[in-house]
Amino acid sequence: MELEKIHYDNKIVKYFIIATVVFGIVGMTVGLLAAIQLFYPIANFDLQYTSFGRIRPLHTNAVIFAFVGNAMFAGVYYSMQRLLKTRMFNDSLSWIHFWGWQLIILAAAITLPLGLSTSKEYAELEWPIDIAIALIWVVFGWNMIGTIIKRRERHMYVAIWFYIATFVTVAVLHIVNSFAMPVNFFKSYPFYAGVQDALVQWWYGHNAVAFFLTTPFLGMMYYFLPKAANRPVYSYRLSIIHFWSLIFIYIWAGPHHLLYTSLPDWVQSLGVVFSIMIIAPSWGGMLNGLLTLRGAWDRVREDAVLKFMVVAVTAYGMATLEGPLLSLKNVNAIAHFTDWIVAHVHVGGLGWNGFLIFGMLYWVVPRMWGTKLYSMKLANLHFWIGTLGIIFYAVPMYIAGVVQSLMWKEFNAEGFLVYPNFLETTTQILPMYMLRAIGGGLYLVGVFIMTYNLMKTAAAGTFIANEEAEVAPMVTAAHTEGHWHNALERKPILFTMLALVAILIGGAIEMVPTFLIKSNIPTIASVKPYTPLELHGRDIYVREGCVSCHSQMVRPFRSEVQRYDPTGAEYSKAGEFVYDHPFLWGSKRTGPDLHRQGGKYADSWHYRHMLTPGDVSNGSIMPAYPWLYEQVIDKEQTAKKISAMRTVGVPYAEEYENQAGADLEKQANGIAEGLKMEGYEVSSDAEIIALIAYLQRLGKDIKSEKVAVN
Amino acid sequence: MFKEILQSIDNVQIWPIISFCIFFNFFLVLSWWALTADKKYIDDMGQMPLRDGDGETPNSNL
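Protein chains in written order, with my numbering: chain A, 48 to 757; chain B, 89 to 150.
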């Protein structure tokens, strides 16, 4: 048979690689800043654009979508062409994808520091950017499916299956989680409220980890690890089972992010069961990766590429064992809201994603530039510094998490909390925060070393923009032989549909009943919608990213009820959140829970605390918010906010928009006058007034019910 | 809106159970197939990343 000459597009891969490295450095530097802010609050610079609450989403978005995202595209574009023996379907689509994605990153880098955020983790970007993401994602998928259709290889290798699953699932997750009602071009309210919003968000959040950070990288592992080791994957049979069981089971496990919350119990249990089941496919995949190196372990000693990949796959194995263990309710009771979770995600992020990316870059760059790696020594140095960085990051965070959690829960012989002041438990672990910053710093130094090494490598070689290959054309005759799964692999569209069905079923079973059955969310008659001023305050709370450090979810533990609501003794109930668009339960307590904050302190306490937290709470690491005292409430938006809230189901009376402005003024004047009597002169228009109004409302409705009953 | 639609379906709770059964059986069949699949096919697929069309090893279509 005559061989055909084709050219693989390396240029698009090169651009994605450059973007990976640049945004890796940016995202990790921002992460390092955030780490420093946590023990050295001056590093918030008293500026709204650099305060922790805005910097943290910038870090997470940059490392997930810019660093890991671009690396995923580089890996997919490189391996897919070679596995399918064809150039990408359409070069223009490739470039629209590339520049579109970078523009989205730019938009994120501008809007997040400006405080334009939905506050939903890893989905913080506002609705116009969400639409852009959906469009560019479709371009990526179109290009990918097109490439698969015009392939010259009859069967799709397992890596391609993982890429397909990535495309369809991320599309579904992103669209479902982004349903929102715009207030204006920069602000929207999610369609879902409270428990439902939480469930959708963590179905998204959990599966973003699964299908953005895991499946594409498993595909890359199945391609680059055999390439680097120069031997086929240990068991192709295992990889087939790995794929189907992983995508099917993963999608069910989202509720494990919401254990002991107000989520219905049965959904929590479902999440736990499936989380335990994930160990099987995850470890199957990990062992498949590690065993691929059977007989080649001697090479691991010298080859930095293999070293990175071995640690990456090991980190994957550790994180995917730890994840299911964390989803056991008794472990979760200790670990949730603490730095343990931060350690867990960074073992996955720095170890699995980061190291697999580094291994891939060290392998692919010399090949694309037709030369040898500039320095294997530097690559090995990077490996050791990076590994040390991960250890210095993770170990202090594990210690911090466990220590703080035990302090939260410790009672003395008289039955009182030993550490009733939350701040005590934070200051206790500050040395761990310092060590963590050192770990992150080391990891970043490694990335700089890699950047230098890769640039030197590229300079020594000549870039091969269009790599020539000789391949046989695909046999087009009808194939009747083979098993049904073989047939399935030859039908990419059908395959995509099946993968889609597999993930939709898990998602639907989990969510539909919660949306459907009334008894899942018992309503509380005394819970009323927020006043216009409180709504403004809540939006400021969202804008400043308060949810990054403060939960609003008192779990049903004696230690939490006693700490956060000693007089009322109420943990958080599902019915309390029915008007919360978005939900603000949070996932980490760097500061105390705020769900029972209303009425706990005087307005003047909040006034002073937000201005100089350290003066009010000695040793506080909370940033100061001086701009809230100068900026005024955007009253023009009041009516629009009320009307958008009504659209998503909050029962404000018809025409309440006309009344809202006056109600707002009245409430604001009341707070300002109260402050004045205590000697704090402030305009009733200042944003701090709205924020105080919101904080004083938190968790109060359920108490008014009690008063009514009494 | 979809709330009403779903509520109007008779015995809506049976659907998740049926779905689960379908997928569970899909796995049993899939696993059985994967474990008994033709060795030549499995070996050939496993070798795929190592064939870049650069003439090192022959294309499977040859």
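For every residue, glycine included, the Cβ atom is placed at its ideal position computed from N, Cα and C.
The three-state reading of DSSP puts V280/A in coil, since its state is none of H, G, I, E or B.
Spatial neighbours of G74/A in its own chain (CB-CB distance under 7 Å, excluding positions within 5 residues in sequence) are listed in chain order as H106, A109, V110, A113 and F114. By the neighbour-count criterion, in which 16 or more other beta carbons inside 10 Å mark a residue as buried, H54/A falls on the exposed side. For I432/A, the uninterrupted alpha helix (DSSP H) run begins and ends at M423 to K456, by DSSP. Using a Cβ-Cβ cut-off of 7 Å, W291/A counts as an interface residue toward chain B, since at least one Cβ of chain B sits closer than that to its own. Residue contact with chain A for I130/B: present (Cβ-Cβ distance below 7 Å to some residue of chain A).
Spatial neighbours of P237/A in its own chain (CB-CB distance under 6 Å, excluding positions within 5 residues in sequence) are listed in chain order as A227, D244, H628 and P629. When DSSP states are grouped into helix, strand and coil, M479/A belongs to the helix group.
The C-alpha of I540/A lies about 46 Å from the C-alpha of F439/A. With a threshold of 16 other beta carbon atoms within 10 Å, N705/A falls short and is exposed. Of all alpha-carbon atoms in T637/A, L153/A and L337/A, the one lying nearest the alpha-carbon of G364/A is that of L337/A. Neighbourhood of K274/A in chain B, by CB distance below 8 Å: P137 and L138, in chain order.
Under the Cβ criterion (8 Å, minimum of three pairs), the region 644-652 of chain A counts as touching the region 718-727 of chain A. Beta-bridge partners assigned by DSSP to E514/A: Y55/A. The region 379-391 of chain A makes no contact with the region 89-102 of chain A: fewer than 3 CB pairs, one atom from each, lie closer than 8 Å.
With respect to G646/A, I571/A sits apart: the two C-beta atoms are not nearer than 7 Å.
For H202/A, the neighbours in chain B by C-beta distance under 7 Å run, in chain order, M133. Of the other Cβ atoms in all chains shown, 16 or more fall within 10 Å of the Cβ of C596/A; this residue is therefore buried. Counting along the chain, Y741/A sits inside the alpha helix (DSSP H) bounded by residues E734 to R744.
Your pair I432/A and G493/A checks out as a contact, with CB atoms roughly 4 Å apart and the cut at 8 Å.
Residue pairing by DSSP puts F384/A in a beta bridge opposite K635/A. Chain B places a beta carbon closer than 7 Å to that of Y283/A, counting this residue as a contact.
Interface flag for L116/B against chain A is unset, since no Cβ pair is found closer than 7 Å. No Cβ-Cβ contact shorter than 7 Å links T361/A with S329/A.
Note on G78/A: 16 or more other CB atoms within 10 angstroms of its CB, so buried under the neighbour-count rule.
Per DSSP, the continuous alpha helix (DSSP H) segment holding V608/A begins and ends at R605 to Y611. Assignment of beta-bridge partners to L464/A by DSSP yields F458/A.
Proximity of F112/B to chain A, defined by a Cβ-Cβ separation below 7 Å, is not satisfied. Within the DSSP bridge table, the entry for K234/A names N231/A as partners. Y445/A has a beta carbon lying at 7 Å or more from every beta carbon in chain B.
Within its own chain, the residues whose Cβ lies closer than 7 Å to the Cβ of V319/A, once the five positions on either side in sequence are excluded, are H303, S374, L375 and K376, listed in chain order. Of all residues in the region 124-147 of chain A, the ones placed with a Cβ closer than 7 Å to any Cβ belonging to chain B are R129, L130 and K132, in chain order. Taking the C-beta atoms as reference points, M454/A is found no nearer than 7 Å to T474/A.
In the DSSP assignment, A300/A falls outside any alpha helix (DSSP H), carrying neither H nor E. In the DSSP annotation of this structure, the continuous segment of the alpha helix (DSSP H) that includes K723/A starts and ends at Y703 to M724. M267/A is the residue among H202/A, E712/A, W189/A and M267/A whose C-alpha sits nearest the C-alpha of L403/A.
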